[in-house]
Structures are given as C-alpha cells and as structure tokens.
Amino acid sequence: MPRSLHILARAAAYAWASPYTVFGITIGLLLGGRFQRVDGVIEIHGRGIAAGLSRMLVPAMAMTLGHVVLGRDLTCLATSRKHERVHVRQYERWGIAFVPAYIAFWLVLSLRGRDGYRDNPFEIEAYAVDDLTTTKEPITNSR
Ligand SMILES: [Zn+2]
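Here it is, written out as structure tokens:
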C-alpha cells in the first residue's frame, strides 16, 4: 500500500473508533488516571480505574475503548497488551457498531446457555494471541 494511502487508512481507523476513544479518555480523566501512549494507543491506569474494573460483570485486568486501554496498573497494562490490541483492531474494523455487536453476541450466547464472554467471537480472537487464561478484561465497554 502506498504510504499516503496507509496514512489515510490509519486516520480513518482512528476517526472510526473515535467516539469510544473520547469516552475512554473521559473516564480516565474522571477517575484521575495516569496516561501514557504506547504504539499509538492511550493507556490509562490508576486506583479509581482499578476499582471500576474490579466491579465489572467480568472483573477485568484491563479494558479497551477505541484507542484507549484502561488498566488497573502498569503491570496489568503490560500483561494484557497483546489481548487489548486485538480489541483496538476490532474497534478499528467495527467503529461505532463494535459495542452493540459485542453485546448482541453476548446476549445470543447467553440465551443459548453459553458463556457470553468466553464464547464471544471478539474474545476468542483476542485470547488467541495472548497467554492469558483467566482474569482479564472486560466486557463491554463496557468493554
Ligand atoms: Zn478481551
């Protein structure tokens, strides 16, 4: 892909996911998180974020909102980075439709007696690239 086209595609990916990115930044600011930028993604951690993630339906180490990853602390952010980057790519593909699609899969799976989190295709894709086996991340942006 020519460089100019690549830049245009990246800009479109950021714009497409931007509503969730803005939401993630807002949460990070409201909870007094500490910000860092890693590979084009904003990572935010702190005590308030840790408290929020521990109270989620699926207690999470980290959670992705667009190009923002909220993590309990730096260790959680590093441990979950590969997994959460898959979710960033999913936001880039699905844009504003990502969260509704994630929740729809969750509901359909749950209604069929399956695990809305573990059996969710978005999670299966993310878990395929990491070594995490248990307590990870979140659910819906909610996950
Ligand atoms: Zn995940």
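Using our numbering, you'd call the opening residue of the sequence shown number 35 and step up by one each time. Ideal Cβ positions, reconstructed from N, Cα and C, are used throughout, including at glycine. Everything numeric in this text was worked out from a predicted model, so none of it was measured.
Legend entry - Check: residue 157 C-beta below 6 Å from any heavy atom of ligand 1: yes
Task: Where residue 133 sits in the DSSP three-state scheme - done: helix
With distance defined between alpha-carbon atoms, name the residue in 157, 53, 138 nearest to residue 126. 53
Quiz prompt | Check whether residue 77 and residue 56 have beta carbons under 7 Å apart | solution = no
Q. Would you say residue 79 and residue 105 are within 7 Å of each other, going by their C-beta atoms?
A. yes
- prompt: What are the start and end residues of each continuous alpha helix (DSSP H) run of 4 or more residues lying completely inside the segment 93-143, in chain order?
  reply: 108-128
**Inter-residue spacing [alpha-carbon to alpha-carbon] between residue 132 and residue 138** = 10 Å
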